[in-house]
Structures are given as structure tokens and as C-alpha cells.
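Asker:
The structure is reproduced here in C-alpha cells:
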């Protein structure tokens, strides 16, 4: 440190540090408002009997937790969040990877292809829900129209009104929206792989499959894990598609956690119970994301 | 324009891998392009055909729903209930009624205002924070982890507390209040995406600025900001789109046409007594056009912003 030029030291030392914290202050304030305060509020409210109009009406200890864990709705909704998030994330990742691997042949027509692939990602999820709801409609919907052409007089398929078709349909829409995101990130990663490694593999006479298996795949594995983690985080947030397409039905078949919490707070007006459900849901998200995140860190360390 | 990704001399090993994994905004460098082209040259014909097949299917799957929505918006009610793929006549009345019977333009205006305010707020908060963390070395990776972790939690967690806060602050049902809250909510994403851009600047540049007697504020405004401008533009677009597309937060924080955004308006439309498919298709398309235009004209920035920031 003694050898650092005084001008440089001036910036790094107390004054620089103080101004650094001043620069960071607005961001910390933002986090305090949109993350820390809501978390504390939720924890406190979960121990009370509360509604939107009358928060903190009465302290009830763990009653809300006991109630939501035994209501027969909350725990299944957590399960549905997993049933939605894991397949939707894995499908988007695998399909996105296959497309990203294929995209190099279309590099010359890159711009057009890139714009097309951006469109689903840019589509507001509410509109995506509307589009696919129209396509899935029992009368006049695209898929049932095609079915009528193939086998006239067949009973229409209730894509959004039967189990398990409704959940599968929502997964399909979500995959449509998010495959482009995976393609983008994976294609960018593939583009940065060192060309020499592929030449070496070629010289060694490795075929397409072996090159992929032993060269490409290990090199992009850290990115694959990163994209999977991001997509899982996004998948746990799903709300819009459920709201628009099924309203949580048929029955409670597509009532994932986010939607269940919304229902509890805004249709049953039980904010205390909704808060307890929120905390249980956060625990679930943490249990899934944290191991994946530490695996990702380990992979990146190993890659250095 | 070019945010050439060079490793700063004092860059940590972690930052170095980040840089190796990222792509500058814009198309890949020529050399890379040539090498991938030659890779194709050596690939067996079957593989090339297979790849084109994958791309063709992917494009079909991508475009089908959008094109379907366009045809729906021009179908008369009779056509919609028939098994026709294309409309028998162009039903312009769907578009007319979407604009006449539903306040689509008001919704659209609200969406655009809220998204623009949010993008400005997010950048105003994020840029100094990124500068402090990446260039002044304040806060370190722990601040970054704290800020980014705020994005991991599903937004449903924040919805009720924010509802209470916004009501207390008297900002309920107010486009500006909505934009403000949304701006704070996308701040973590902005910080996260900008980090790669801020760390990509060579160390010597701000050292030179300091030797010339520039203080931190001047260094940020005069030296660093112009260098990260592509990142700032990209992140502004991404923040704008995230807010424009959002549904849950505006659903909670708005109550009347005066402040409801287009996704909320459309969601309410379909809850109506009589669902007009054609009209809804027209309204949905109206809402999709602005973001599609962004994709069309700014795709290079968008792709750069997404790939630069998030692959680490």
C-alpha cells in the first residue's frame, strides 16, 4: 500500500470509502423498501390475525402456520409449484440448448433469427396467456380445430379444463416464453468457447457426438447450471399465466403457491395466513435454489 | 460503442472468468465467426441438415401463436366459432371496438409512463451503486449478493407489505407511484446486469482520471459513464420491458382506469361478462407492438445487455 501513488490512495482511503458508501446508499434504501421491509412485515404479520383493512388485529402465535399447514391446500400448492417449476425449467433449458447448438449454421441470417427468437421473451406474460388460451379453446381454438379436421366429430380436448392437461398446457406456454432466454445465454456462451479445443478434437478424429460429449458439454456446463438456476427462480414466480389461463383450476389443479397466496390474501382476506404461506413458500424456494447455487460456485471454482 | 472485454491488470480471478464467459454487445468478433463457419464446413452434412431442421421447427413454434393472434384479431365472431384457420372476411370492427369500448389507449399510456419512470429510477439508483462496487471497491461481493438476492424471492412475497406501504404513502392508484415502486423492484436486476459492463473498463482509465485530479463524481460522470453507455442503454431497455410486461404489482397497486396498465386492463377484459375474443386479440396485439418494436430496432443492445450481465 505504501508504494501506491498518493493520488490513488486518496481515492481508496477514507474519503473514497465514504463516498463509495454514499453511492451505494440509494441501492441499499431500495433493497430495504422492496425486500427487507416486506420480509420483516411478512414475518410479523404471520403471527397475527390480519386482513388488508385491519392488519395486526390480534396476536395469534403460530396459529396461522398450524392452520395453513393443515388446510389441505397450502402444502399441495407448494408441490404444484415444484411440479411446474422443475419441468418448465428443465424443458426450457434442454430445448434452448438444442437450438443454441444448432444456431451456428444460421449465423449469417443472425439478425432475422435473433429478432424472431426474442419475440416470445418480449411478449407480456398476460398477452402470452391470452394467445394460448385462445389456441387451447374448446370451440374455435386452433388445436381443437385441427383435431376436428383430423377426426371430425371428436370430442374437443379440454386443455385448460381437465387434469393433468391444464398444468401441462401452462408449462407449454411458459416454455414457449422462456426457451429464447436460454437460447440467448447458451448461444453466447458457445460462441466464446476457444476454437482451438475443437480443432484439437478434430485432429484427434473425434466425431460429432464425442466432441460434444467430451469437449462442448463440459465447457458449457457452468453456463447450463447458471441458466437452469435463473430459470428455476423465474419459474417459481409464475402467477400471470395461471391467473389468465386457468384461474388456478380446474379445481385447484393449477393453484401454484404464488396464486394460492394471492387467493388467501385477496379473495379470503386472510393476510396473516397468506403471510404464513409466503414464509413456507420462501423456505421451499431457498431449499431448491441454495444447493444449486453452491454447486454452480463449485463448478466455477473448478473451471479456473 | 465497443465495450471491449479486456482483463484489468488487477482483476480478480473470478472477474476474469466472468469476462471470458461474456460476449461484447453486438455480433461476435470476425475471427470467431470465421472459426464457427469453418466448424460447419467440417461438420457432416447430416448434422447441418439436422441443425437447420431444429431451427425451422423452433421458428415455427415461436411464430405460430403470434400469427394466430393476428388472424384472431381479424376474425368475425362467426369465424371464431367455426373451424376456419383464416378469417372469411377482414373484421376491422374488432380493432375499432377494442379502442372504443375499452380504454386501451389509456392503459397503454399508463404502461408506457410507469415503465419509463421505473427505468429511470432503476438506473439512477443502480449506476452509482455499480460504480462504487466495481470501481471504488466499496461494499464488495457481499453488497452485490445482498442486492441480487432481493430478486430471487418471488414478488408475491413483497406484494402485501408494499400494498400497505403504498397506501400509507398515499400513492395508491397512481401511475407515478407505480413507476417508482416498480423502479425500486427492478433495481437489483439493473445492478446485476450492469456489473459486467462496469468491471469491463480497464483499471488504468480511472487511475489516469485520478492523477488528473478528477474526484469520484467527475470520474463517474465524465469518464466511466460514456464507456458504459451501451450497457446503460441495454439495461434501460430491459428494465423498461420488465415493468411494461409486469402484472402482479400493477394489479395490486392500481384500482381504476386512470392508472391501470395494459396487462391489468386485458386481464379485467377477459373477466368480463361477455368475452369478445377478436376484441381481446386486437387489444393484446396493441400491447405487444411497442415491445416488439423494441426487439426489432434494439435487438443488438438487448442481446448484449442480457448476455453480458447474466452469464457469470
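Protein chains in written order, with the working numbering: chain X, -17 to 286; chain S, 16 to 327. Yeah, the Cβ is synthetic: ideal placement off N, Cα and C, and Gly gets one too.
Is it buried or exposed for residue 210 of chain S, if we count other Cβ within 10 angstroms and need 16 for buried?
Answerer: When all chains shown are included, residue 210 of chain S counts as buried.
Asker: Look at the Cβ atom of residue 213 of chain S, then the Cβ atom of residue 243 of chain S, and state whether they are nearer than 7 Å.
Answerer: Yes.
Asker: Between residue 207 of chain X and residue 74 of chain X, which are expected to be in contact by the criterion C-beta below 8 Å, what is the C-beta distance as a whole number of angstroms?
Answerer: Contact doesn't hold; Cβ gap of about 14 Å is too wide.
Asker: Taking beta-carbon pairs under 8 Å, can you tell me which members of the stretch 88 to 104 of chain X lie near chain S?
Answerer: Within the stretch 88 to 104 of chain X, the qualifying residues are 88, 89, 92, 93, 95, 96, 97, 98, 99, 100, 101, 102 and 104.
Asker: Counting contacts by CB-CB distance shorter than 7 Å, is residue 248 of chain S in contact with chain X?
Answerer: For residue 248 of chain S, the answer is no, since every Cβ of chain X falls outside 7 Å of its Cβ.
Asker: DSSP on residue 30 of chain X, reduced to helix/strand/coil?
Answerer: If DSSP states are grouped into helix, strand and coil, residue 30 of chain X belongs with the strands.
Asker: Along chain S, which residues have their Cβ under 9 Å away from the Cβ of residue 210 of chain X?
Answerer: Those within 9 Å of residue 210 of chain X in chain S number zero; the least Cβ separation is about 12 Å.
Asker: 7 Å is my cut-off, CB to CB: does residue 227 of chain X come that close to chain S?
Answerer: No, no contact with chain S.
Asker: Figure out for me which residue from X:121, X:253, X:230 and X:263 has the closest Cα to the Cα of residue 178 of chain S.
Answerer: That would be X:253, whose Cα lies nearest to the Cα of residue 178 of chain S.
Asker: Secondary structure at residue 41 of chain X, three-state DSSP: helix, strand or coil?
Answerer: The answer is strand: DSSP assigns residue 41 of chain X an E or B state.
Asker: Considering only C-alpha positions, which residue in the set X:182, X:230, X:3 and X:197 is nearest to residue 149 of chain X?
Answerer: Measuring from the Cα of residue 149 of chain X, the nearest candidate turns out to be X:230.
Asker: If you draw a straight line from the C-alpha of residue 46 of chain S to the C-alpha of residue 320 of chain S, how long is it?
Answerer: Any reading at residue 46 of chain S must be qualified, since the residue scores a pLDDT of 41, below 50, and its modelled position is unreliable; no value is offered.
Asker: If you check the beta carbons only, do residue 86 of chain S and residue 96 of chain S fall under 7 Å apart?
Answerer: Not in contact: residue 86 of chain S and residue 96 of chain S (Cβ atoms no closer than 7 Å).
Asker: Strictly under 7 Å for the Cβ-Cβ distance: is residue 130 of chain S near chain X by that measure?
Answerer: Output row for residue 130 of chain S: interface = no.
Asker: Going by CA-CA distance only, name the one from X:142, X:202 and X:195 that's closest to residue 176 of chain X.
Answerer: Of the listed residues, the one whose Cα sits closest to residue 176 of chain X is X:202.
Asker: For residue 126 of chain S, which residues in the same chain have their Cβ closer than 6 Å to its Cβ, ignoring the five residues on either side in sequence?
Answerer: Excluding sequence neighbours, residue 126 of chain S sits near 259, 276 and 277.
Asker: Excluding the 5 residues preceding and the 5 following residue 256 of chain X in the sequence, name in chain order all residues of the same chain whose CB lies nearer than 6 Å to its CB.
Answerer: Correct list, in chain order: 243, 246 and 247.
Asker: My understanding is that residue 113 of chain S touches residue 119 of chain S, with C-beta atoms under 8 Å, so please give their C-beta distance in whole angstroms.
Answerer: About 5 Å; that satisfies the 8 Å criterion.
Asker: Going by C-alpha distance, which of S:61, S:83 and S:67 is nearest residue 90 of chain X?
Answerer: It is S:67 whose Cα lies nearest to the Cα of residue 90 of chain X.
Asker: Taking C-beta to C-beta, are residue 162 of chain S and residue 9 of chain X nearer than 7 Å?
Answerer: Closer than 7 Å, so yes.
Asker: Roughly how many angstroms lie between the CA atoms of residue 277 of chain X and residue 118 of chain X, to the nearest whole one?
Answerer: In a straight line, the C-alpha of residue 277 of chain X is about 39 Å away from that of residue 118 of chain X.
Asker: In the DSSP assignment, the alpha helix (DSSP H) including residue 130 of chain X goes from what residue to what residue?
Answerer: Start and end: 124 to 132.
Asker: If distances are taken between C-alpha atoms only, which option among X:71, X:132, X:145 and X:187 comes closest to residue 211 of chain X?
Answerer: Taking only the C-alpha atoms, the option nearest residue 211 of chain X is X:71.
Asker: If you draw a straight line from the alpha carbon of residue 236 of chain X to that of residue 224 of chain X, how long is it in whole angstroms?
Answerer: In a straight line, the C-alpha of residue 236 of chain X is about 7 Å away from that of residue 224 of chain X.
Asker: Give the range of the alpha helix (DSSP H) segment to which residue 124 of chain S is assigned.
Answerer: Residues 119 to 149.
Asker: Using the rule of at least 16 other Cβ atoms within 10 Å of the residue's Cβ for burial, across every protein chain shown, is residue 157 of chain X buried or exposed?
Answerer: Label assigned to residue 157 of chain X: buried.
Asker: Would you identify the three-state DSSP class for residue 107 of chain S, choosing helix, strand or coil?
Answerer: Note: residue 107 of chain S maps to coil in three-state DSSP.
Asker: Return the residues of the stretch 155 to 169 of chain S that lie within a Cβ-Cβ distance of less than 7 Å from chain X, sorted by chain order.
Answerer: Going along the stretch 155 to 169 of chain S in chain order, one finds 158, 161, 162, 165, 167, 168 and 169 with a Cβ nearer than 7 Å to chain X.
Asker: Would residue 272 of chain X count as contacting chain S if we go by Cβ distances under 7 Å?
Answerer: For residue 272 of chain X, the answer is no, since every Cβ of chain S falls outside 7 Å of its Cβ.
Asker: Roughly how many whole angstroms lie between the Cα atoms of residue 76 of chain X and residue 32 of chain X?
Answerer: If I take the Cα positions, the gap works out to 44 Å.
Asker: How should residue 219 of chain X be labelled, buried or exposed, when 16 other C-beta atoms within 10 angstroms of its C-beta is the threshold for buried?
Answerer: Flag for residue 219 of chain X reads buried.
Asker: Check whether the stretch 295 to 310 of chain S touches the stretch 104 to 117 of chain X, counting contact only when three or more Cβ pairs, one atom from each stretch, lie closer than 8 Å.
Answerer: Yes, since at least three Cβ pairs between the stretch 295 to 310 of chain S and the stretch 104 to 117 of chain X fall closer than 8 Å, the two stretches touch.
Asker: Give a yes or no on whether the minimum CB-CB distance between residue 262 of chain X and chain S is below 7 Å.
Answerer: It does not: the Cβ of residue 262 of chain X has no partner Cβ on chain S nearer than 7 Å.
Asker: Check the Cβ-Cβ distances between residue 236 of chain X and every residue of chain S, and say whether any is below 7 Å.
Answerer: Residue 236 of chain X does not count as touching chain S.
Asker: List, in order along the chain, the chain X residues whose C-beta lies closer than 7 Å to that of residue 120 of chain S?
Answerer: Those do not exist, as residue 120 of chain S stays about 16 Å from chain X at its closest Cβ, beyond 7 Å.
Asker: Could you tell me whether any Cβ in chain S is nearer than 7 Å to the Cβ of residue 139 of chain X?
Answerer: No, residue 139 of chain X lies away from the interface with chain S (no Cβ there is under 7 Å from its Cβ).
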